[in-house]
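Novice: Encoded as structure tokens, here's the structure I'll be asking about.
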């Protein structure tokens, strides 16, 4: 059973939403965030990435930074930039990026169910990144960002969402990157009850993105529970803010690799080594996008100003759900044995390029600071769920979801 809970959300005034909403804190550097928030005191980056108001050499994980985040959120509420719903509600959040559209339920999900793995994860988290979100959320007394959840699509949920989204939305704007963001408020008690019942029929929810936010919510809940002698289980800290999208609407893009050196290999030596396990052929392309892999186990390599198609030979494909991922095939059969990259999380010689930057982004990096690039076919949602169901962990940088959720579209108090 998956528990979803309505809540009294803080949402920006409709005419302020475009100024408030911001890309999530973890897809940009502090320098980039400063530039994005420049001249806009209402940007939610002042809450999620509050180090932007401090000097460049200031410790971005120190107490004054989190205190500033809290002060900024309180000021935005006091100034009427955010307005709180009078009663517990659900919300519907829709994003449209070109031909891609995803519409999900904004709700609180049970932290206890996350701890019990009813809300399933597929990534490891880093303690330092968890600590950062714990401090931000605890000091702000609010879930400041959205966790991205998914579930096996259900006709009845789709129908209820379609009914609500046929109405006039509360927020509807086109961001500078041309992505459309639309928000509906679900106030009708019968519709709220129906959502609760329909989600109770789901066995699991799955984290698509937001593992550090989820882990932080669990830690904050445990901290507050220990401090609260009258803990009832109904407090806001028992539920974490999320948008829950059906699996058939998600747009998971490729997450590609670029290497900064050849580990002493010549192009000829590398090609010879690759052909031991891969079928490798040079391909002629008019445009870099012509080299984009079209199916699982097919990869593209950009080396010495040439594109190559690589297909792993069948006898080297594992039946293990993790090892059979394209990212694992590349790591286990190429990056580790030939480039001595044992831990891609920490090795400084590897970098990762999200599919949103296109195949041209790989060529650009190879002409700037890298020697070879590998393009992969996108990981499937079915693979993500299978790995989560098996209790396994994906390799780092296995998924890249677009469009990105906007922080500040809605905030949930921990009270």
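Numbering (the working numbering), first residue to last: 17 to 431.
Glycine residues also receive a C-beta, built at the ideal position from the N, C-alpha and C atoms.
All figures in this text were calculated on a predicted structure; none of them were measured in a lab.
Helix, strand or coil: which one does DSSP assign to residue 319?
Specialist: If you number the chain shown from 1, residue 319 lands on position 303. Here residue 319 sits in strand by DSSP.
Novice: How about the region 224-231 and the region 362-375: do they share at least three Cβ pairs that are nearer than 8 Å?
Specialist: Segments in contact, no.
Novice: Can you give the beta carbon distance from residue 199 to residue 134, rounded, assuming they're within the 8 Å contact cut?
Specialist: By one-based count along the chain shown, residue 199 stands at place 183. By one-based count along the chain shown, residue 134 stands at place 118. Actually they do not touch by this definition, with Cβ atoms about 27 Å apart.
Novice: Going by DSSP, name the residue or residues bridged to residue 326.
Specialist: The sequence position of residue 326 within the chain shown is 310, counting from 1. DSSP lists 296 and 315 as partners of residue 326.
Novice: Are the C-beta atoms of residue 290 and some chain C residue less than 8 Å apart?
Specialist: Here chain C cannot be found, since the structure has a single protein chain.
Novice: What is the DSSP secondary structure of residue 147, reduced to helix, strand or coil?
Specialist: Taking the chain shown and counting its residues from 1, one reaches residue 147 at position 131. DSSP places residue 147 in helix when its eight states are reduced to three.
Novice: Note down the Cα distance separating residue 431 from residue 153, rounded to an integer number of angstroms.
Specialist: Looking up residue 431 in the chain shown gives position 415. Looking up residue 153 in the chain shown gives position 137. Their backbone Cα atoms lie some 12 Å apart in a straight line.
Novice: Do the region 333-349 and the region 402-414 make contact, defined as three or more Cβ pairs closer than 8 Å?
Specialist: With a cut-off of 8 Å, the region 402-414 and the region 333-349 count as touching, because enough Cβ pairs lie within range.
Novice: Would you please state the rounded distance, in angstroms, between the beta carbons of residue 126 and residue 24? I believe it to be under 8 Å.
Specialist: Taking the first residue of the chain shown as 1, we reach residue 126 at position 110. Taking the first residue of the chain shown as 1, we reach residue 24 at position 8. No, residue 126 and residue 24 are not in contact; Cβ-Cβ is about 18 Å, not under 8 Å.
Novice: Measure the alpha-carbon distance for residue 99 versus residue 253 and round it to whole angstroms.
Specialist: Looking up residue 99 in the chain shown gives position 83. Looking up residue 253 in the chain shown gives position 237. Each residue's Cα considered, the two are about 20 Å apart.
Novice: Excluding the five sequence neighbours on either side, which residues of its own chain have a C-beta within less than 8 Å of the C-beta of residue 208, listed in chain order?
Specialist: Taking the chain shown and counting its residues from 1, one reaches residue 208 at position 192. If we look at residue 208 and ignore the five residues flanking it on each side, its Cβ neighbours are 22, 104, 105, 106 and 202.
Novice: Going by C-alpha to C-alpha distance, which of 90, 97, 46 and 78 sits closest to residue 72?
Specialist: In the chain shown, the residue the question calls residue 72 occupies position 56. Residue 46 is the option with its Cα nearest to residue 72.
Novice: Short check: CB of residue 257 to CB of residue 121, under 8 Å?
Specialist: Here residue 257 refers to the residue found at position 241 when the chain shown is read from its first residue. Here residue 121 refers to the residue found at position 105 when the chain shown is read from its first residue. Result no, Cβ atoms of residue 257 and residue 121 do not sit closer than 8 Å.
Novice: Less than 8 Å between the C-beta atoms of residue 323 and residue 371, yes or no?
Specialist: Counting from 1 along the chain shown, the entry for residue 323 is found at position 307. Counting from 1 along the chain shown, the entry for residue 371 is found at position 355. Not closer than 8 Å, so no.
Novice: DSSP three-state call for residue 338: helix, strand or coil?
Specialist: Residue numbering aside, residue 338 sits at position 322 when the chain shown is read from its first letter. Coil at residue 338, not helix or strand.
Novice: Name, in chain order, the residues that DSSP records as bridge partners for residue 7.
Specialist: Within the shown structure, residues of the chain are numbered from 17 to 431, placing residue 7 beyond reach of any answer.
Novice: From residue 167 to residue 394, what distance separates their C-alpha atoms?
Specialist: As a position in the chain shown, residue 167 is number 151, starting the count at 1. As a position in the chain shown, residue 394 is number 378, starting the count at 1. In a straight line, the C-alpha of residue 167 is about 19 Å away from that of residue 394.
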